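S.K.: This is the structure I have questions about; it appears just below.
Protein chains: 2
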Amino acid sequence: MLSDVMEDYLKGIYILQERAEPPISTSQIADYLDVTPPTVTSMVEKLDDRGLVEREKYKGVELTDEGVTVALEVLRHHRLLEAYLTEHLDYDWSEVHEEADVLEHHISEEFERRVAEALDDPTVDPHGDPIPNADLSPPDDAEHTRLSEHEPGTTVEISRVSDREEEELRYLKDANITPGTVVRIVDVAPFGMVTVAVSDGGRQSLPEEIADSIRVKRVETDAVSAEEVPEA
Amino acid sequence: MLSDVMEDYLKGIYILQERAEPPISTSQIADYLDVTPPTVTSMVEKLDDRGLVEREKYKGVELTDEGVTVALEVLRHHRLLEAYLTEHLDYDWSEVHEEADVLEHHISEEFERRVAEALDDPTVDPHGDPIPNADLSPPDDAEHTRLSEHEPGTTVEISRVSDREEEELRYLKDANITPGTVVRIVDVAPFGMVTVAVSDGGRQSLPEEIADSIRVKRVETDAVSAEEVPEA
DNA sequence: CTTTTACTTTAGACACGTCTAATCCGGGGC
DNA sequence: GCCCCGGATTAGACGTGTCTAAAGTAAAAG
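So the sequences go chain by chain: G and R.
Read in order, the letters of the first sequence are residues 63 to 294 in our numbering.
Read in order, the letters of the second sequence are residues 63 to 294 in our numbering.
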């Protein structure tokens, strides 16, 4: 019987592990979950006791296989819900996150099954994030690179945008940066800001943290030649 | 900011008030919510402090108007969810209760609105229970009488069956006692057991607590004359 | 009018998840 | 090789919701 809170810790640690190599530090977790470091310390002790994380004092934690499974289960719930809300309840993809963040802890396995069925077993959510499949095997995230790691001139297709802040998402949507869109990278500033040209001719600059959280797939350059974009 | 638990108490007290005149005693609540009486005492103190119930020590509690409003909000969530799960996620009406009991505390107002819209503002849930409308005015429950208060020989149409125990509901469904069905009352035993004849010719005996929780509407007797039922 | 009894409340404990304040490592700079 | 500083942990507290055991009360039975 894991509490909602424990599930949130495991999900958070999983996401942090996707972003950076384990071990994940106390303060990273505290930051991500918006609690104080002592709170994290006591929680990770508990998770360690239960065998959900491997903890080394003063170093940080790493999810065990069991911890990963729980995290994937929660993530599956979250992303299925996001997809369902978008497809069947007419939510916009920029506003589903909070609802899913709560409900993910409260739906039954039966509910999960029926939602997956109603959606015909989707593999990605509306933000482009992969939905772990029912057997909870770790999804493989190859081929997707970070927007921030490409050279100017490269043309890429957006595959995933992070689903954290509703504000940000609305902004990205307005700028037409959504999964499936093809953009050309115009400039990468020394402080990490990336400027891209969208197919409608607009340009958009994105600070490092954002550019880092957007995953893309490289596209053959001539694929967008029909929609050429001006240089400046 | 009411906790889930407080919402459960308020909903429970509301339902108990529908069944019996207030004040509602500590032990009735304890029984209904499956907690011990001291737990109830401390909780109702808190609810009293917040103005959600009127409490008289050693007597019991009664919901204030504000308490009623909260209870209706929760009940609206519950019943909309039951209806939604049945209509759009292919649940059977005998299995929706538990899912709704959890989710009712966790859906946003936005979610409520969209579900109501998807269902075209339904007025009753799959068990026949009235869904409070969005303005949370107390639903009026006239015309519905208890199955247990009718004379043998009377013909009635089932309008509501309680939604408490999945087991019971499945049993009732198998016996064809569902909202909309017309039955004739064959016998009322001195210990409260009611025997009814269903239109397919079967008969069904129901113990007092069940017969008490089933609400019915009286029907003109000749309405079922085409499907006459044997005496014994 | 007193006693009994059923129910309610008080007292005190515990698990959970959180906090602040204080202490404690451990690795980088000197 | 020592010190310092930033981050981590311990200590101790609190609010919530629950429990068991003990004490109290009200109303029915005698």
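Glycine included, C-beta positions come from ideal geometry on N, C-alpha and C.
Please read all numbers here as calculations on a predicted model, not as lab measurements.
(1) Please work out which residues of its chain come closer than 7 Å, Cβ to Cβ, to residue 118 of chain G, disregarding the five sequence neighbours upstream and downstream, and give them in chain order.
(2) According to the neighbour-count rule (16 or more other Cβ atoms, all chains shown, within 10 Å of its Cβ), is residue 221 of chain R buried or exposed?
(3) DSSP three-state call for residue 131 of chain R: helix, strand or coil?
(4) For residue 25 of chain R, go through chain G and note every residue whose CB falls closer than 7 Å to its CB, in chain order.
(5) Which parts of the stretch 229-283 of chain G are runs of the beta strand (DSSP E), unbroken and 3 residues or longer, counting only runs that do not cross its ends?
(6) Opposite residue 124 of chain R in the DSSP bridges: which residues?
(7) Looking only at C-alpha atoms, which of G:127, G:113, G:72 and G:267 sits nearest to residue 94 of chain G?
(8) List, in order along the chain, the chain G residues whose C-beta lies closer than 9 Å to that of residue 67 of chain R?
(9) In terms of alpha-carbon separation, which member of G:64, G:261 and G:161 lies closest to residue 142 of chain G?
(10) Quick test of your reading: residue 231 of chain G and residue 156 of chain G, contact by CB under 8 Å. State the CB separation rounded to the nearest angstrom.
(11) Does residue 142 of chain G come within less than 8 Å of chain R when only Cβ atoms are used?
(12) Since residue 87 of chain R contacts residue 122 of chain R with CB under 8 Å, what's their CB separation in whole angstroms?
(13) Quick one, which residues of the stretch 172-191 of chain G are near chain R if we go by CB-CB under 9 Å, in chain order?
(14) Is it true that the CB of residue 96 of chain R sits closer than 8 Å to the CB of residue 167 of chain R?
(15) In angstroms, rounded to a whole number, what distance separates the CA positions of residue 74 of chain R and residue 207 of chain G?
(16) Going by DSSP in three states, residue 290 of chain R sits in which element: helix, strand or coil?
(17) Is there a Cβ from chain G that is less than 8 Å from the Cβ of residue 165 of chain R?
(18) Going by CA-CA distance only, name the one from R:268, R:239, R:262 and R:116 that's closest to residue 252 of chain R.
(19) Are the beta-carbon atoms belonging to residue 194 of chain G and residue 125 of chain G less than 8 Å from one another?
(20) What residues from chain R crowd round residue 154 of chain G, counting only those whose CB sits closer than 8 Å?
(21) Step through the CB atoms of chain G and report whether any lies within less than 8 Å of the CB of residue 151 of chain R.
(22) Go ahead and pull the three-state DSSP assignment for residue 285 of chain R.
(23) Can you tell me the Cα-Cα spacing of residue 147 of chain R and residue 158 of chain R, whole angstroms?
(24) Need the endpoints of the alpha helix (DSSP H) that residue 164 of chain R sits in, please.
(25) Taking only the alpha-carbon atoms, compute the straight-line gap between residue 177 of chain R and residue 144 of chain R and give it to the nearest angstrom.
(26) When you compare the stretch 208-216 of chain R with the stretch 172-186 of chain R, are there three or more beta-carbon pairs, one atom per stretch, that lie closer than 8 Å?
(27) For residue 188 of chain R, count the other beta carbons within 10 Å of its own beta carbon; 16 or more makes it buried, fewer makes it exposed. Which is it?
(28) Based on the DSSP output, what are the partners of residue 217 of chain G in its beta bridges?
(29) Could you give the distance in angstroms between the alpha-carbon of residue 233 of chain G and the alpha-carbon of residue 272 of chain G?
(30) Hey, out of G:202, G:64, G:69 and G:276, whose CA is closest to residue 133 of chain G's CA?
(31) In its own chain, which residues sit with a C-beta less than 6 Å from the C-beta of residue 242 of chain G, not counting the 5 before and 5 after it?
(32) Do the CB positions of residue 278 of chain R and residue 218 of chain R come within less than 8 Å of each other?
(33) Figure out for me which residue from R:256, R:174, R:254 and R:275 has the closest Cα to the Cα of residue 227 of chain R.
(34) Keeping to the same chain, check which residues put their C-beta closer than 6 Å to that of residue 245 of chain G; ignore five residues upstream and five downstream.
M.R.: Concretely, from the data shown:
(1) Residue numbering aside, residue 118 of chain G sits at position 56 when the first sequence is read from its first letter. Here the set comprises 85.
(2) Within the second sequence, numbered from 1, the residue matching residue 221 of chain R stands at position 159. Counting C-beta atoms within 10 angstroms of its own C-beta, residue 221 of chain R has 16 or more neighbours from the protein chains shown and is therefore classed as buried.
(3) Here residue 131 of chain R corresponds to residue number 69 of the second sequence, with the count starting at 1. Residue 131 of chain R: helix per DSSP, three-state reduction.
(4) Residue 25 of chain R cannot be examined here, being either before or after the span of chain R that is shown, 63 to 294.
(5) Whole beta strand (DSSP E) segments, 3+ residues: 244-250, 256-260, 265-268 and 277-280.
(6) By one-based count along the second sequence, residue 124 of chain R stands at place 62. Within the DSSP bridge table, the entry for residue 124 of chain R names R:116 as partners.
(7) Looking up residue 94 of chain G in the first sequence gives position 32. Proximity to residue 94 of chain G across G:127, G:113, G:72 and G:267 peaks at G:72, based on C-alpha coordinates.
(8) Counted from its first residue, the second sequence places residue 67 of chain R at position 5. Chain G residues near residue 67 of chain R: none, gap ~14 Å exceeds 9 Å.
(9) On the first sequence, residue 142 of chain G is found 80 positions in, with the first residue counted as 1. The option with the nearest alpha carbon to residue 142 of chain G is G:161.
(10) The residue labelled residue 231 of chain G in the question sits at position 169 within the first sequence. The residue labelled residue 156 of chain G in the question sits at position 94 within the first sequence. Contact flag correct, Cβ pair sits at about 4 Å.
(11) If you number the first sequence from 1, residue 142 of chain G lands on position 80. Closer than 8 Å: no.
(12) The residue you call residue 87 of chain R lines up with position 25 of the second sequence. The residue you call residue 122 of chain R lines up with position 60 of the second sequence. Contact between residue 87 of chain R and residue 122 of chain R holds: their C-beta atoms lie close to 4 Å from each other, under 8 Å.
(13) Of all residues in the stretch 172-191 of chain G, those with a C-beta nearer than 9 Å to a C-beta of chain R are 172, 173, 176, 177, 179 and 180, reading in chain order.
(14) Counted from its first residue, the second sequence places residue 167 of chain R at position 105. Counted from its first residue, the second sequence places residue 96 of chain R at position 34. If you check the CB distance, residue 167 of chain R and residue 96 of chain R do not come in under 8 Å.
(15) Within the second sequence, the letter at position 12 stands for residue 74 of chain R. Within the first sequence, the letter at position 145 stands for residue 207 of chain G. Going by C-alpha positions, residue 74 of chain R is about 52 Å away from residue 207 of chain G.
(16) Residue mapping note: residue 290 of chain R aligns to position 228 of the second sequence, counting from 1. Any reading at residue 290 of chain R must be qualified, since the residue scores a pLDDT of 49, below 50, and its modelled position is unreliable; no value is offered.
(17) As a position in the second sequence, residue 165 of chain R is number 103, starting the count at 1. Answer yes: the Cβ-Cβ gap between residue 165 of chain R and chain G drops below 8 Å somewhere.
(18) For the purposes of this step, residue 252 of chain R is taken as residue 190 along the second sequence, with counting starting at 1. The shortest Cα separation from residue 252 of chain R among R:268, R:239, R:262 and R:116 belongs to R:268.
(19) Your numbering for residue 194 of chain G matches position 132 in the first sequence. Your numbering for residue 125 of chain G matches position 63 in the first sequence. For the pair residue 194 of chain G and residue 125 of chain G, the CB atoms are not nearer than the 8 Å cut-off.
(20) Here residue 154 of chain G corresponds to residue number 92 of the first sequence, with the count starting at 1. Neighbours of residue 154 of chain G on chain R: none; closest Cβ ~11 Å, over 8 Å.
(21) Residue 151 of chain R sits at position 89 when you count from the first residue of the second sequence. Between residue 151 of chain R and chain G, the shortest Cβ-Cβ separation is below 8 Å.
(22) Your numbering for residue 285 of chain R matches position 223 in the second sequence. Bear in mind that a pLDDT of 45 at residue 285 of chain R, under 50, signals an unreliable position, so the model cannot answer this.
(23) Your numbering for residue 147 of chain R matches position 85 in the second sequence. Your numbering for residue 158 of chain R matches position 96 in the second sequence. Rounded to the nearest angstrom, the two C-alpha atoms are 7 Å apart.
(24) What you label residue 164 of chain R is simply residue 102 of the second sequence in a count that begins at 1. From DSSP, the alpha helix (DSSP H) with residue 164 of chain R extends over 159-165.
(25) If you number the second sequence from 1, residue 177 of chain R lands on position 115. If you number the second sequence from 1, residue 144 of chain R lands on position 82. Taking the straight line from one Cα to the other gives about 11 Å.
(26) Cβ pair count under 8 Å is below three, so no.
(27) Taking the first residue of the second sequence as 1, we reach residue 188 of chain R at position 126. The residue in question, residue 188 of chain R, is buried, as its Cβ has 16 or more Cβ neighbours within 10 Å.
(28) On the first sequence, residue 217 of chain G is found 155 positions in, with the first residue counted as 1. Paired residues: G:246.
(29) By one-based count along the first sequence, residue 233 of chain G stands at place 171. By one-based count along the first sequence, residue 272 of chain G stands at place 210. Rounded to the nearest whole angstrom, the CA to CA distance from residue 233 of chain G to residue 272 of chain G is 11 Å.
(30) Within the first sequence, numbered from 1, the residue matching residue 133 of chain G stands at position 71. Residue G:69 holds the alpha-carbon nearest to the alpha-carbon of residue 133 of chain G among G:202, G:64, G:69 and G:276.
(31) Working through the first sequence from its first residue, we reach residue 242 of chain G at position 180. Correct list: empty, nothing qualifies.
(32) Here residue 278 of chain R refers to the residue found at position 216 when the second sequence is read from its first residue. Here residue 218 of chain R refers to the residue found at position 156 when the second sequence is read from its first residue. In this structure, residue 278 of chain R lies near residue 218 of chain R, with their beta-carbon atoms less than 8 Å apart.
(33) For the purposes of this step, residue 227 of chain R is taken as residue 165 along the second sequence, with counting starting at 1. When each option's Cα is compared against that of residue 227 of chain R, the closest is R:275.
(34) On the first sequence, residue 245 of chain G is found 183 positions in, with the first residue counted as 1. Answer for residue 245 of chain G: 258 and 260, listed in chain order.
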